[in-house]
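A.B. asks: Reminder that position 19 of the sequence shown reads as 166 in my numbering, one-by-one numbering, no gaps. Next up is a structure, given as structure tokens.
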Amino acid sequence: MLEALVISQILLWVLVLSMALMMLALLRQVGVLHERIAPMGALTLDRGPKEGEAAPQFEVKDLRRGTPLHLGGPCGRSTLLFFLSPTCPVCKKLLPIVRSIQQAEGSWLDVILASDGEPVEHERFIRTQHLEDFPYILSADVGMTYRIGKLPYGVMIDDAGVIRAKGLLNTREHLESLVQAEEIGVASLQDYLKDRVASEKMAADNGQRKHHGQIR
148 MLEALVISQI LLWVLVLSMA LMMLALLRQV GVLHERIAPM GALTLDRGPK
198 EGEAAPQFEV KDLRRGTPLH LGGPCGRSTL LFFLSPTCPV CKKLLPIVRS
248 IQQAEGSWLD VILASDGEPV EHERFIRTQH LEDFPYILSA DVGMTYRIGK
298 LPYGVMIDDA GVIRAKGLLN TREHLESLVQ AEEIGVASLQ DYLKDRVASE
348 KMAADNGQRK HHGQIR
């Protein structure tokens, strides 16, 4: 009886250790998969002014302050135009990330909220969402020029007035990709990753040619 109990305990510990090893192996594979999956940037729609082109220039007014704002053209600071609507649930979900970006990147980046419609509705939206710290513009011309068809949408303009990145935003990663694209000087993270993959493939091909040359 005692011998059978000891054997069952040994088998139980063997099973536990086997499961622990399997779990560690699974976690390792998840980590490898996470490293291999590239972050997806904002979805760029082939409409309106393109990346690398000068941003259209506008003279608009801040809805709350009534002060003039100049969009486009060299200004010494980058600008993130965040197109939103009071009736857009995804826009509301991303507003805390927009606020976080404004605070973290405020030394070089201005965040401007853009929409169109009736001022009363947007003034109420500003109060309920606590957006008093943001410049907020209402301009159908700006939206039509950038061909905004879906929301939320972001456009990153650099300090020289050139469009550096833009796209439809559905997640934190999409929004942060615009900032990252501006910081590393590419039109989008997809372009950066595509160039990096091409460079790595070229380096691998060159290495193989060199290796074959040495063998001969």
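Glycine included, each C-beta is placed from N, C-alpha and C at the ideal position. Please read all numbers here as calculations on a predicted model, not as lab measurements.
(1) For valine 207, collect the residues of the same chain with a Cβ closer than 6 Å to its Cβ; drop the 5 residues on either side in sequence, then sort them by chain order.
(2) What is the DSSP secondary structure of alanine 202, counted as helix, strand or coil?
(3) What residues in its chain sit with their C-beta under 8 Å from that of glycine 332, if we drop five residues either side in the sequence?
(4) Could you tell me whether the stretch 297-310 touches the stretch 271-280, using the rule of 3 or more Cβ pairs below 8 Å?
(5) DSSP three-state label for serine 286, please.
(6) Specify the secondary structure class of histidine 217 as computed by DSSP and reduced to three states.
(7) Given a cut-off of 8 Å, decide if alanine 201 and leucine 218 are closer than it, judged by their beta-carbon atoms.
(8) Excluding sequence positions up to five away, which residues of its chain have a Cβ less than 6 Å from the Cβ of aspartate 306?
(9) Just how far apart, CA to CA, sit cysteine 238 and leucine 231?
(10) Taking the C-alpha atoms as reference points, what is the distance between alanine 185 and methionine 303?
(11) Tell me which same chain residues have a C-beta within less than 7 Å of the C-beta of valine 258, skipping the five on either side of it?
C.D. replies: Result, derived from the coordinates:
(1) By one-based count along the sequence shown, residue 207 stands at place 60. Once the five neighbours on either side are set aside, the close Cβ partners of valine 207 are Leu216, Ile284, Ser286.
(2) Sequence index remark: in the sequence shown, residue 202 carries index 55 (1-based). In the three-state DSSP reduction, alanine 202 falls in the coil class, being neither helix nor strand.
(3) Your numbering for residue 332 matches position 185 in the sequence shown. Contacts found: Arg311.
(4) no
(5) Residue 286 sits at position 139 when you count from the first residue of the sequence shown. If DSSP states are grouped into helix, strand and coil, serine 286 belongs with coil.
(6) Residue 217 sits at position 70 when you count from the first residue of the sequence shown. Here histidine 217 sits in strand by DSSP.
(7) Position 71 of the sequence shown holds residue 218. Position 54 of the sequence shown holds residue 201. It is not a contact, given that the beta carbons lie outside the stated cut-off.
(8) Numbered from 1 along the sequence shown, position 159 holds the residue referred to as residue 306. Here the set comprises Gly223, Arg224, Ser225.
(9) Counted from its first residue, the sequence shown places residue 238 at position 91. Counted from its first residue, the sequence shown places residue 231 at position 84. Each residue's Cα considered, the two are about 6 Å apart.
(10) Your numbering for residue 185 matches position 38 in the sequence shown. Your numbering for residue 303 matches position 156 in the sequence shown. Since pLDDT at alanine 185 reaches only 41, below the 50 mark, its modelled position is unreliable, and no value is offered.
(11) On the sequence shown, position 111 is the one that residue 258 refers to. Closer than 7 Å at Cβ, skipping near neighbours: Leu227, Phe229, Val245, Ile248, Gln249, Phe281.
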